[in-house]
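In the numbering used here, the protein residues as written are 1162 to 1247.
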């Protein structure tokens, strides 16, 4: 009962927190989009080959694979946690 009365206040705090965490993302997102667009123009053919099977992969696939592989390592090294505490 008491927690249910505090729920609107907690939801408001959570929304304010999310807004604060989104501000830096907006600042970095525009240059990232520009660089991605630029690299897509420069690297229009295959940029790498998958090991063992030798399948050529385009830039966007290479970016996705490296992001998914490197991101958890960087988060651990920099002690950054993007998980919700719910």
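Built from N, CA and C at the ideal position, the CB exists for glycine as well.
In the DSSP assignment, the alpha helix (DSSP H) including residue i goes from what residue to what residue?
i: residue 1185; result: 1163-1203
i: residue 1231; result: 1220-1239
Assign residue i to buried or exposed, taking buried as 16 or more other Cβ atoms, counted over all protein chains shown, within 10 Å of its Cβ.
i: residue 1164; result: exposed
i: residue 1178; result: exposed
I'd like to confirm the pairing. Which residues does DSSP put opposite residue i in its beta bridges?
i: residue 1217; result: 1210
Is there at least one non-hydrogen atom of the ligand PLP closer than 7 Å to the beta-carbon of residue i?
i: residue 1238; result: Absence of the ligand PLP is noted for the structure shown, with no ligands found whatsoever.
- Indicate whether the contact test is met: 3 or more Cβ pairs, each with one atom in the stretch 1217-1229 and one in the stretch 1200-1208, closer than 8 Å. yes
- Query: Within the chosen definition, does the stretch 1196-1205 reach the stretch 1220-1240 through at least 3 CB pairs nearer than 8 Å?
  - Reply: yes
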